[in-house]
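Enquirer:
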Amino acid sequence: MKPFDIVIVGGGGAGLYAAMEAMKTNPALNIAVLSKVYPNRSHTSAAQGGANAALANKAKDDSVEMHIFDTIKGSDYLADQDAVDVLCSEAPKIIRELENIGTPWSRMEDNTIAQRPFGGAGRPRCCYCADKTGHTILQTLYEQCLKTGVLFFNEYFALNLSVHGSRSRGLIAMNMKTGKVEAFPAKTVIFATGGYAKMYWNRSSNAAGNTGDGQAIAYRAGIPMKDMEFVQFHPTGLRKSGLLVTEGARGEGGYLINKDGERFMARYAKEKMELGPRDLVSRSIETEILEGRGFDSPAGKYIHLDLRHLGADLIKSRLPQIREMSLNFEGVDPIEEPIPIRPTAHYSMGGIDTDNFGRTVMEGVYAAGECACVSVHGANRLGGNSLLDILVFGRIAGHTAAEEAGKFEPGSISEEELRESVEEIRTRMQPSGHYERYGALREELGQTLALNVGIFRESSLLHKGIQDIAELKERFKKVRVFDSSDVFNTNLQQVLELKNMLDLAETVAVGALAREESRGSHTRIDFPVRDDEKWHKHTLATLVDGKAIPGEKPVTMGRYELQERTY
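Quick note on numbering that gives the first Met the number 0: the sequence shown kicks off at 0 and runs consecutively.
(1) Given the structure, does residue 458 come close to the ligand MN, in the sense that its CB is under 6 Å from one of the ligand's heavy atoms?
(2) What is the DSSP secondary structure of residue 141, reduced to helix, strand or coil?
(3) In this structure, how does DSSP classify residue 308 when only helix, strand and coil are distinguished?
(4) Beta-carbon within less than 6 Å of residue 10's beta-carbon, same chain only, minus the 5 sequence neighbours each way: which residues are those?
(5) The beta strand (DSSP E) with residue 232 in it runs from where to where?
(6) Which ranges would you report for the beta strand (DSSP E) in the segment 325–380 if only whole runs of at least 3 residues count?
(7) At which residue ranges does the segment 435–496 contain complete alpha helix (DSSP H) runs of 4 or more residues, listed in the order of the chain?
(8) Grouping DSSP H, G and I as helix and E and B as strand, with all else coil, what is residue 29?
(9) Quick check on DSSP: helix, strand or coil for residue 551?
(10) May I ask you to verify whether the segment 327–344 touches the segment 305–319, counting CB pairs closer than 8 Å and requiring at least 3?
(11) With DSSP as the reference, please indicate the residues paired to residue 169 in a beta bridge.
(12) Thinking residue 495 and residue 352 are a contact (beta carbons under 8 Å), I'd like their distance in whole angstroms, please.
(13) Using CA coordinates, which residue listed in 492, 363, 151 is at the minimum distance from residue 438?
(14) Between the segment 415–425 and the segment 113–121, do three or more beta carbon pairs fall short of 8 Å?
(15) Rounded to the nearest angstrom, how far is the Cβ of residue 28 from that of residue 21, given a contact under 8 Å?
(16) Terminal residues of the continuous alpha helix (DSSP H) containing residue 97?
(17) Considering only the beta carbon of each residue, do residue 330 and residue 191 sit closer than 7 Å?
(18) So, for residue 134: in the same chain, excluding its five sequence neighbours on each side, which residues have a beta-carbon less than 6 Å away from its beta-carbon?
(19) If residue 241 sits next to residue 266, beta carbons under 8 Å apart, how far is it from one beta carbon to the other, in whole angstroms?
(20) Are there 16 or more other CB atoms within 10 angstroms of the CB of residue 264, so buried, or fewer, so exposed?
(21) DSSP has residue 540 in a bridge; who is on the other side?
(22) Evaluate the contact criterion for the segment 92–110 versus the segment 216–228: three or more CB pairs, one atom per stretch, below 8 Å.
(23) Just the Cα atoms here: how many angstroms apart are residue 311 and residue 334?
(24) Tell me the residue span of the alpha helix (DSSP H) that contains residue 389.
(25) May I ask you to list the residues that DSSP assigns as paired with residue 592?
(26) Does DSSP put residue 68 in a helix, a strand or coil?
(27) Does the Cβ-Cβ distance between residue 451 and residue 444 come in under 7 Å?
(28) If you pair each beta-carbon of the segment 228–237 with each one of the segment 271–288, do three or more pairs fall below 8 Å?
(29) What would DSSP say about residue 518, mapped onto helix, strand or coil?
(30) Below 8 Å, how does it come out for the segment 374–383 and the segment 56–76: are there three or more Cβ pairs, yes or no?
(31) Quick one: residues in its chain with C-beta nearer than 7 Å to the C-beta of residue 301, no 5 flanking neighbours on either side, listed in chain order?
(32) Along the alpha helix (DSSP H) that carries residue 15, what are the first and last residues, could you check?
(33) Run through the DSSP bridge pairs and tell me what residue 6 is partnered with.
(34) Using a threshold of 7 Å, state whether the C-beta atoms of residue 503 and residue 215 are closer than that.
(35) Would you call the segment 507–515 in contact with the segment 530–544, where contact means no fewer than 3 C-beta pairs closer than 8 Å?
(36) According to DSSP, what are the bridge partners of residue 203?
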């Protein structure tokens with residue numbers, strides 16, 4: 000295959016914006032997007048609420064500076080302030096560019112882009128398309144990529160980076176339609192594969208494919224992971240499935256109610272109430288349940304999200320998907336009844352360590368979006384900043400790779416490397432002696448993470464989680480793929496995904512044990528106070544000779560000094 004200038008792994012918002020911007024930067028480039036699902040089915044389509052930008056349409060006194068401060072404060076002061084400056088300063092341009100290429104933003108009465116309040120924000124600045132914002136943005140970007148000639152390799156599963164010395168020579172991937180392992184030699188590679196919160200299994204809002212593939216591939220190639228212990232639990236997942244109920248439901252005025260009929264957030268965030276930051280609201284809901292003020296059911300304990308007072312017209316016009324999901328998955332019509340909810344593993348603040356331009360420590364390798372950690376979210380992401388992150392830094396990574404591709408020689412991937420990848424897959428098909436089943440290990444991983452590395456953490460629980468993960472990794476060596484076919488072998492794909500999740504789960508649990516403080520989404524019962532003297536720093540994990548080597552990195556400060564985070 001002819002070498003590509005840029006291979007982008009992932010067809011969600013970050014990958015598509017990177018492709019569109021790279022093609023705009025240099026239309027002569029040969030650009031490929033690899034995606035394990037069709038791009039318009041990527042997990043970006045599940046982002047309901049919106050994207051923050053200080054347009055000052057709803058609140059005339061809003062500003063970029065206010066957005067910057069809200070983001071830094073929301074991060075519990077662990078975000079890098081120079082990166083946050085980039086995120087918030089670029090936000091209005093991104094929203095208007097999306098508008099210009101056809102994104103159908105919801106409108107206010109004066110026909111300006113509608114904005115609503117989101118958690119942790121001092122002003123209503125979240126721009127939205129009803130409750131289907133990610134879906135509409137994804138469709139718009141995909142159309143633009145098709146129009147500009149980006150090549151798509153859909154239903155390809157990325158396996159390994161090809162590395163020579165300090166730089167990448169491209170990517171090795173499996174064509175899921177044929178089972179064939181193929182080489183994608185490239186001058187540059189951009190990872191845009193999304194998050195890893197699906198490792199929490201049935202307590203997760205993530206799509207089945209959010210298994211941290213890009214992070215795991217980069218990690219095994221020697222690229223550091225940053226701040227992996229910070230996993231965000233969204234306050235409002237549906238009780239039975241964990242599917243997401245957008246923060247926009249609370250932004251429109253929804254109430255959180257316990258079994259005593261209280262709007263209990265008055266106990267935890269008097270000013271912000273239901274629109275406190277996500278980590279605080281999730282902990283508050285879990286506390287209500289643990290202290291006996293939750294509802295009980297065969298499907299587990301839960302709290303009510305009450306939208307009834309908003310009225311049928313508002314729910315039908317601004318939250319139509321939430322109503323549909325509640326009817327289909329809980330048998331509840333939010334016009335008539337409260338929605339049963341409980342916090343659900345939702346977002347990974349940690350990921351591939353990058354600079355503000357998407358570069359990693361490996362020459363020719365970039366990352367953007369949820370799979371990356373440029374650190375605009377620090378210890379806790381504000382609602383409305385995730386779509387913004389994938390758009391801003393997807394665009395920047397695409398532009399940077401397009402400008403820098405010319406300084407790298409075309410990559411080449413040897414037949415020997417391909418054979419090694421093929422042999423690894425064949426070994427999975429025919430393990431010798433005793434074998435393990437994928438399903439058992441997958442369920443056990445989800446259970447140990449939920450029980451031991453969840454919202455509330457403590458030393459003995461984390462030690463148990465680390466031990467469980469180590470045992471699962473050992474047992475994984477004997478996992479057998481029962482499906483021997485080549486065409487759409489989903490059993491093989493699931494096993495490969497489990498390998499990725501096990502590697503990343505270890506970095507999450509080890510990082511959580513090491514960080515002896517409570518900050519943002521990371522709550523240690525045995526270390527309940529934020530410790531700026533010892534832990535105001537990023538953690539790093541690098542794989543060397545099969546072992547995770549810990550490291551650290553300073554937080555980039557700026558205009559805002561450390562202060563107590565109250566709402």
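In this text, a Cβ means the ideal position worked out from N, Cα and C, and glycines have one as well.
Expert: This is what the structure holds:
(1) Ligands displayed in this structure: none; no statement on the ligand MN is therefore possible.
(2) helix
(3) helix
(4) 32, 34, 38, 41
(5) 230–237
(6) 338–347, 350–352, 364–366
(7) 437–451, 458–475
(8) coil
(9) strand
(10) yes
(11) 161, 184
(12) The Cβ separation is near 24 Å, so there is no contact.
(13) 492
(14) no
(15) 6 Å
(16) 80–99
(17) no
(18) 44
(19) Going by Cβ atoms, the distance from residue 241 to residue 266 rounds to 25 Å, so no, they are not a contact pair.
(20) buried
(21) 224, 549
(22) no
(23) 6 Å
(24) 384–403
(25) As shown, the chain starts at 0 and ends at 566. That puts residue 592 outside it, with no answer to give.
(26) helix
(27) no
(28) yes
(29) strand
(30) yes
(31) 238, 293, 294, 339, 340, 341
(32) 12–24
(33) 31, 188
(34) yes
(35) yes
(36) 344
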